[in-house]
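Enquirer: Using my numbering, the letters of the sequence shown correspond one by one to residues 124 to 513. Beta carbons: idealized from backbone N, C-alpha and C, even for Gly. If you're wondering where the values come from, they're calculated on a predicted model, not measured in any experiment.
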Amino acid sequence: MPSSFSCQVLIAGGGIAGLWSLRRLLAAGYNAFLLEQNHIGSGQTLGSQGILHGGVKYGLDGSNRAIADQLRSQPPRWLDSLAGRGELNLSSATITSPCQHLWAADSWLARVGATVGARAMQGEVTKLNPADWPAALRDGGHHGSVYQLEESVLDVRSVCHALADPVKDRILHGAIDDLSIKDGRVTSIQCGDLSISADVFLFTAATGNELASAALGFGPKATQRRPLRMIMARGPLPSLWGHCVAVSPKPVATITSHNSDSGRIWYLGGGVAEDGASLSNADAIANAARTAARILPNLPWHAVQWASWLVDRAEPAADSRLPDGPVLRPATNAAVCWPSKLVYAPALADLTEAFVRSLTSPSGLSSPPPPLPLATMGSYPWESASWLSL
Ligand SMILES: Cc1cc2nc3c(=O)[nH]c(=O)nc-3n(C[C@H](O)[C@H](O)[C@H](O)COP(=O)(O)OP(=O)(O)OC[C@H]3O[C@@H](n4cnc5c(N)ncnc54)[C@H](O)[C@@H]3O)c2cc1C
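#1: Tell me the residue span of the alpha helix (DSSP H) that contains E397.
#2: Let me make sure I understand the geometry here. Which of A407, A415, E210 has the alpha-carbon closest to that of H366?
#3: Which residues mark the beginning and the end of the alpha helix (DSSP H) in which E438 is found?
#4: So, helix, strand or coil for D278, using DSSP?
#5: Tell me the rounded alpha-carbon separation between P423 and A437.
#6: Judging by CA-CA distance, which residue of T310, T346, L419 is the nearest neighbour of P361?
#7: Could you check what DSSP says for D288 in three-state terms: helix, strand or coil?
#8: Would you mind stating whether I294 and L488 have Cβ atoms separated by less than 8 Å?
#9: Using alpha carbons as the reference points, say which of F324, I218, P199 lies closest to G209.
#10: For K464, which residues of its own chain have a beta-carbon under 7 Å away from its beta-carbon, when the five flanking residues on both sides are left out?
#11: Reducing DSSP to helix, strand and coil, say where I312 ends up.
#12: Closer than 8 Å is the cut-off here; do at least three beta carbon pairs connect the stretch 334–346 with the stretch 149–164?
#13: Go to L360, then tell me how far its alpha helix (DSSP H) extends in each direction, as first and last residue.
#14: I'd like to check one pair, I218 with M500: are the Cβ atoms closer than 8 Å?
#15: Smallest Cα separation from K305: which of S320, K291, A287?
#16: Identify whether D301 lies in helix, strand or coil by the three-state DSSP scheme.
#17: Would DSSP call G267 helix, strand or coil?
#18: With a threshold of 16 other CB atoms inside 10 Å of the CB of R444, please say whether the residue is buried or exposed.
#19: Given this structure, state the Cα-to-Cα distance separating T310 from P289, to the nearest angstrom.
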């Protein structure tokens with residue numbers, strides 16, 4: 124039987140953007156709920172590499188300065204929350220590595236030395252002596268230079284737990300199927316048989332934002348998708364977090380390490396994942412395996428299994444294709460939102476909270492949740508991957 128429900132703020136999408144905004148709005152006294160169609164974090168968030176980018180990677184060639192500069196202010200907000208003294212208490216979440224490495228042939232570093240040097244002056248980048256290189260680079264056969272970047276890497280699921288668990292009765296399992304709009308205002312959304320009305324609607328549903336964008340009249344050019352085929356390697360590999368750079372400042376591969384029940388996982392993004400987006404699973408894996416054996420020839424690649432995961436980065440459209448920061452597109456009492464990067468979730472929450480405050484004051488009231496099941500936590504891509512040996 125059709126039913127209805129009403130609240131102050133309804134958020135659609137339980138990735139990092141929706142979760143951080145939900146926590147901020149609840150802390151401010153709003154009667155807010157979040158709807159997630161699948162599992163918490165199950166989109167890009169749990170598929171991300173968890174890097175708290177401070178912009179070093181984006182500033183290496185002197186271009187993309189806007190994003191490099193804007194990113195610099197983001198990690199401190201996270202680190203404060205992770206230390207339990209920030210805008211949210213995320214002290215139960217885990218930092219898997221406090222830093223990353225950047226390794227490259229000396230010929231390349233000679234060209235970007237000035238930029239790296241500038242960041243080194245600010246204490247963000249340190250050139251390492253070979254004795255201090257991570258084992259994967261020292262024993263793996265890297266020849267060239269190695270820098271340490273002061274950028275942390277997170278265990279993203281522990282972050283999702285830290286955000287979601289204290290407010291789990293506010294995070295419901297259900298998909299937004301349709302929007303009702305009258306005189307430019309969203310009056311309700313349809314979730315199966317349930318009609319939900321709210322003073323304010325926030326869409327943080329990544330590719331799912333395309334439905335809201337179209338209904339609100341933003342047009343198809345408001346959103347973009349940039350596909351990646353992330354590569355996963357499982358086997359006796361030492362931990363490594365960082366970027367391998369060759370002839371261009373774009374990393375050949377960005378590698379993060381993750382422990383799983385079935386062994387150590389290397390999760391490879393960067394060039395191998397961008398190239399892989401237009402390749403089949405088998406071809407993308409073969410390409411990445413060749414690259415890995417070329418950059419670190421002495422690692423035990425014969426004992427490694429491989430898998431890949433195809434995903435769309437769902438973003439606001441950007442002329443340069445790389446959005447400079449978080450975006451909130453308002454339409455009367457609704458907004459379509461993208462963090463553009465995990466690390467921008469707090470900055471996006473600044474925008475969503477300001478938008479909600481411009482429309483309604485916190486009621487301080489809480490209401491019983493809508494008649495929907497609670498959403499459960501999602502899994503990492505490597506936990507459901509199909510592995511193959513080469
Ligand atoms: C492979 C990869 C690696 C990345 N690595 C990094 C990194 O290291 N550092 C960094 O800062 N950023 C990184 N990013 C970017 C970052 O992951 C994303 O910008 C961020 O996670 C987006 O968060 P989100 O909440 O907007 O979207 P998502 O995490 O995709 O969440 C959207 C949610 O909305 C739900 N949904 C969709 N449609 C509906 C609907 N109709 N009704 C209800 N719910 C719906 C989905 O199920 C999903 O859970 C990476 C991205 C990718 C793809």
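Expert: Once the coordinates are examined:
#1: Run containing E397: 394–399, per the alpha helix (DSSP H) assignment.
#2: Its Cα nearest to that of H366, the residue A415 stands out among A407, A415, E210.
#3: Note, E438: premise wrong, no alpha helix (DSSP H); beta strand (DSSP E) at 428–439.
#4: Reduced to three states, the DSSP call for D278 is coil.
#5: Approximately 35 Å between the Cα atoms of the pair.
#6: Residue L419 is the option with its Cα nearest to P361.
#7: The DSSP-derived three-state label of D288 is helix.
#8: Against a cut-off of 8 Å, the Cβ pair of L488 and I294 comes out as no contact.
#9: It is P199 whose Cα lies nearest to the Cα of G209.
#10: So the qualifying residues of the chain are H176.
#11: Strand, per DSSP.
#12: Look at the beta carbons and you see the stretch 334–346 not touching the stretch 149–164: under three pairs across the two are nearer than 8 Å.
#13: L360: not part of any alpha helix (DSSP H); DSSP gives it neither H nor E.
#14: No, the Cβ-Cβ distance between M500 and I218 is not below 8 Å.
#15: Relative to K305, the option among S320, K291, A287 whose CA is nearest is S320.
#16: Here D301 sits in strand by DSSP.
#17: Note: G267 maps to coil in three-state DSSP.
#18: Result: exposed.
#19: So the alpha carbons of these two residues sit roughly 29 Å apart.
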